[in-house]
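Here the structure comes first, spelled out in structure tokens, and everything after it is commentary.
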Amino acid sequence: MKQIKYLFSLCLTLALFTSCEEDSHEFGPITAPTNVQVTAEIVGQDADNPNGDGDGFVNFTVTAVNGVTYQFNFGDGNSEVAPSGMISHRYSQTGINDYTVIINAVGTGGTLSSTSIDISVFSSFEDLEALEFLSGLNEGDTKTWVWASDIPLHIGLGPVTDDYGGGEFAWPNWWNAIQPNDPEKSCMYTNEFVFTTTANGLTFEQTVGPAFVPGAYADVIGVGGDTCHDDTVATTMFGVKNVSFSPSSSKAALEGSYDDVPYRMTSFQFSDGGFMGWYIGEVVYDIISISATELHVRSIQEGGGFAWYAKYKVAN
Numbered sequence: 002m003k004q005i006k007y008l009f010s011l012c013l014t015l016a017l018f019t020s021c022e023e024d025s026h027e028f029g030p031i032t033a034p035t036n037v038q039v040t041a042e043i044v045g046q047d048a049d050n051p052n053g054d055g056d057g058f059v060n061f062t063v064t065a066v067n068g069v070t071y072q073f074n075f076g077d078g079n080s081e082v083a084p085s086g087m088i089s090h091r092y093s094q095t096g097i098n099d100y101t102v103i104i105n106a107v108g109t110g111g112t113l114s115s116t117s118i119d120i121s122v123f124s125s126f127e128d129l130e131a132l133e134f135l136s137g138l139n140e141g142d143t144k145t146w147v148w149a150s151d152i153p154l155h156i157g158l159g160p161v162t163d164d165y166g167g168g169e170f171a172w173p174n175w176w177n178a179i180q181p182n183d184p185e186k187s188c189m190y191t192n193e194f195v196f197t198t199t200a201n202g203l204t205f206e207q208t209v210g211p212a213f214v215p216g217a218y219a220d221v222i223g224v225g226g227d228t229c230h231d232d233t234v235a236t237t238m239f240g241v242k243n244v245s246f247s248p249s250s251s252k253a254a255l256e257g258s259y260d261d262v263p264y265r266m267t268s269f270q271f272s273d274g275g276f277m278g279w280y281i282g283e284v285v286y287d288i289i290s291i292s293a294t295e296l297h298v299r300s301i302q303e304g305g306g307f308a309w310y311a312k313y314k315v316a317n
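Position one of the sequence shown corresponds to residue 2 (this note's numbering), numbered consecutively onward.
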């Protein structure tokens with residue numbers, strides 16, 4: 002009996018040893034990037050235009066020894082990751098403005114090495130009428146917007162660039178059947194969005210949650226879809242964001258129309274991942290139409306593939 006017990010113990014020990022041997026992994030050395038170098042090309046910069054041609058584009062190139070990918074904080078509230086180290090960013094605050102751009106070179110194991118560069122960029126684009134409609138032209142002017150939930154098609158979905166013969170890339174061809182006060186969307190109808198004109202431009206703040214996460218994006222971030230979530234999921238929902246305007250560059254705005262009316266050709270974006278209630282990642286909003294009481298926008302879901310349409314109105 003003792004021999005059987007000893008034999009069993011020996012087999013068990015060998016099995017555990019073998020299992021441990023099979024599960025061992027080699028991660029390799031953890032090496033921080035070194036010699037981080039960055040250059041910034043301000044588009045249109047010359048002797049007569051030292052801060053660029055007014056479009057606001059800057060092309061960045063960063064290199065590093067042992068750099069795997071690169072994180073850019075552009076100094077205007079926006080950030081992005083570029084594995085190649087090459088990226089273009091548009092600055093849209095009107096006039097000549099100074100920015101400190103911080104770049105993190107990421108090495109193996111997530112190690113970071115940082116550098117920064119100071120730039121002065123000229124941006125000439127502005128849409129004062131859109132600014133006036135959203136909040137007002139005077140410092141301190143403010144306006145609260147809510148979902149236009151009392152009308153049909155306050156949310157819609159369509160392709161980003163696909164055209165089936167009717168310019169479908171510019172209107173909600175895939176889903177356009179939502180009716181007023183849709184019960185499945187009722188959780189988001191409490192949202193309030195506040196635009197405020199300041200000495201430095203325009204700010205945005207969502208003051209009342211939650212965020213609605215459609216199924217198409219819920220699958221990407223791994224949460225339940227077609228329902229509302231709080232800021233533990235939509236972590237950038239709250240807080241004051243800066244609003245930047247720029248000329249529209251999407252195919253929908255450049256080539257398409259909505260109900261046979263061209264897009265406004267103005268887009269806006271919030272800093273720090275801000276969004277207007279419908280959480281699909283960090284997006285740019287194309288203004289389809291705007292008035293003193295109504296706002297109609299289109300945004301492309303982060304990662305591409307889905308173009309969402311949304312309508313808002315001024316709160317009573």
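All C-beta atoms, glycine included, are put in the ideal place defined by N, C-alpha and C.
Bear in mind that the values here come from a model prediction, so they are computed numbers and not experimental data.
Task: Where T109 falls: helix, strand or coil (DSSP) - done: As a working note, residue 109 is residue 108 in the sequence shown. T109 carries a helical assignment under DSSP once its states are collapsed to helix, strand and coil.
Open item on the list: Using a Cβ-Cβ cutoff of less than 6 Å, which residues in the same chain neighbour M2 once the five nearest sequence positions on both sides are dropped?
Closed with: Taking the first residue of the sequence shown as 1, we reach residue 2 at position 1. Bear in mind that a pLDDT of 42 at M2, under 50, signals an unreliable position, so the number given afterwards is only what the model happens to contain. In its own chain, leaving out the 5 sequence neighbours on each side, no residue places its CB closer than 6 Å to the CB of M2.
Open item on the list: In this structure, how does DSSP classify G216 when only helix, strand and coil are distinguished?
Closed with: Looking up residue 216 in the sequence shown gives position 215. Helix at G216.
TODO: In angstroms with no decimal places, state the Cα-to-Cα distance between G275 and L296.
DONE: Here the question's residue 275 lines up with position 274 in the sequence shown. Here the question's residue 296 lines up with position 295 in the sequence shown. Taking the straight line from one Cα to the other gives about 17 Å.
- [ ] Excluding the 5 residues preceding and the 5 following E303 in the sequence, name in chain order all residues of the same chain whose CB lies nearer than 7 Å to its CB.
- [x] Position 302 of the sequence shown holds residue 303. Result list for E303: I281, G282, E283, V284, in chain order.
Task: Every unbroken alpha helix (DSSP H) inside the region 99-175 [4 residues or more] - done: Segments of the alpha helix (DSSP H) lying fully in the region 99-175: 129-135.
Task: Coarse secondary structure for S20, derived from DSSP in three states - done: For this step, residue 20 is matched to residue 19 along the sequence shown. With a pLDDT of 45 at S20, under the threshold of 50, the modelled position of that residue is not reliable, and no figure is offered here.
Task: Nearest-angstrom beta carbon gap, S117 and G55 [assumed within contact, 8 Å] - done: For this step, residue 55 is matched to residue 54 along the sequence shown. For this step, residue 117 is matched to residue 116 along the sequence shown. That belief does not hold up - the Cβ atoms of G55 and S117 are roughly 25 Å apart, past 8 Å.
Open item on the list: Do A106 and G68 count as a contact pair if the criterion is CB distance below 9 Å?
Closed with: In the sequence shown, residue 68 corresponds to position 67, counting from 1. In the sequence shown, residue 106 corresponds to position 105, counting from 1. One thing to note: G68 has its Cβ within 9 Å of the Cβ of A106.
Open item on the list: Let me make sure I understand the geometry here. Which of V221, G216, R299 has the alpha-carbon closest to that of C229?
Closed with: In the sequence shown, the residue the question calls residue 229 occupies position 228. Here the closest residue by C-alpha is G216.
TODO: Taking 8 Å as the threshold, find out whether the region 142-159 comes into contact with the region 236-247 through three or more Cβ pairs.
DONE: Fewer than three Cβ pairs drawn from the region 142-159 and the region 236-247 lie within less than 8 Å of each other, which leaves the two stretches out of contact.
Open item on the list: For G306, which residues in the same chain have their Cβ closer than 8 Å to its Cβ, ignoring the five residues on either side in sequence?
Closed with: Taking the sequence shown and counting its residues from 1, one reaches residue 306 at position 305. Same-chain partners within the cutoff: V161, A217.
- [ ] State the CB to CB distance for the pair Y259 and A171, rounded to an integer number of angstroms; the pair is presumed to be in contact (CB under 8 Å).
- [x] Residue 259 sits at position 258 when you count from the first residue of the sequence shown. Residue 171 sits at position 170 when you count from the first residue of the sequence shown. Rounded to the nearest angstrom, the Cβ distance from Y259 to A171 is 6 Å, consistent with a contact under 8 Å.
TODO: Pair every Cβ in the region 177-188 with every Cβ in the region 260-270, then say whether three or more of these pairs are closer than 8 Å.
DONE: No, the region 177-188 is not in contact with the region 260-270.
Task: Simplified DSSP state of K3, which is helix, strand or coil - done: The count along the sequence shown starts at 1 and reaches residue 3 at position 2. Bear in mind that the predicted position of K3 carries a pLDDT of just 37, short of 50, making it too unreliable to give a figure here.
TODO: With DSSP as the reference, please indicate the residues paired to L203 in a beta bridge.
DONE: The count along the sequence shown starts at 1 and reaches residue 203 at position 202. The bridge partners DSSP lists for L203 are T198, V244.
Task: Distance CB(I222)-CB(G110) smaller than 9 Å - done: Start at 1 with the first residue of the sequence shown, and residue 222 comes out as number 221. Start at 1 with the first residue of the sequence shown, and residue 110 comes out as number 109. Judged by beta-carbon spacing, G110 lies beyond the 9 Å limit of I222, meaning their Cβ atoms are not closer than that value.
Open item on the list: Considering Cα atoms alone, identify which of I288, N177, S136 is closest to V315.
Closed with: Here residue 315 corresponds to residue number 314 of the sequence shown, with the count starting at 1. Across the set I288, N177, S136, the C-alpha of S136 shows the shortest separation from the C-alpha of V315.
TODO: Answer yes if the region 60-77 comes into contact with the region 35-48, meaning at least three C-beta pairs across the two stretches below 8 Å, and no otherwise.
DONE: Look at the beta carbons and you see the region 35-48 touching the region 60-77: at least three pairs across the two are nearer than 8 Å.
Task: D24 versus P84 - alpha carbon distance - done: In the sequence shown, the residue the question calls residue 24 occupies position 23. In the sequence shown, the residue the question calls residue 84 occupies position 83. Low confidence applies here, because D24 scores a pLDDT of 47, under 50, leaving its location unreliable; read the following figure in that light. Distance from the CA atom of D24 to the CA atom of P84, rounded to whole angstroms, is 30 Å.
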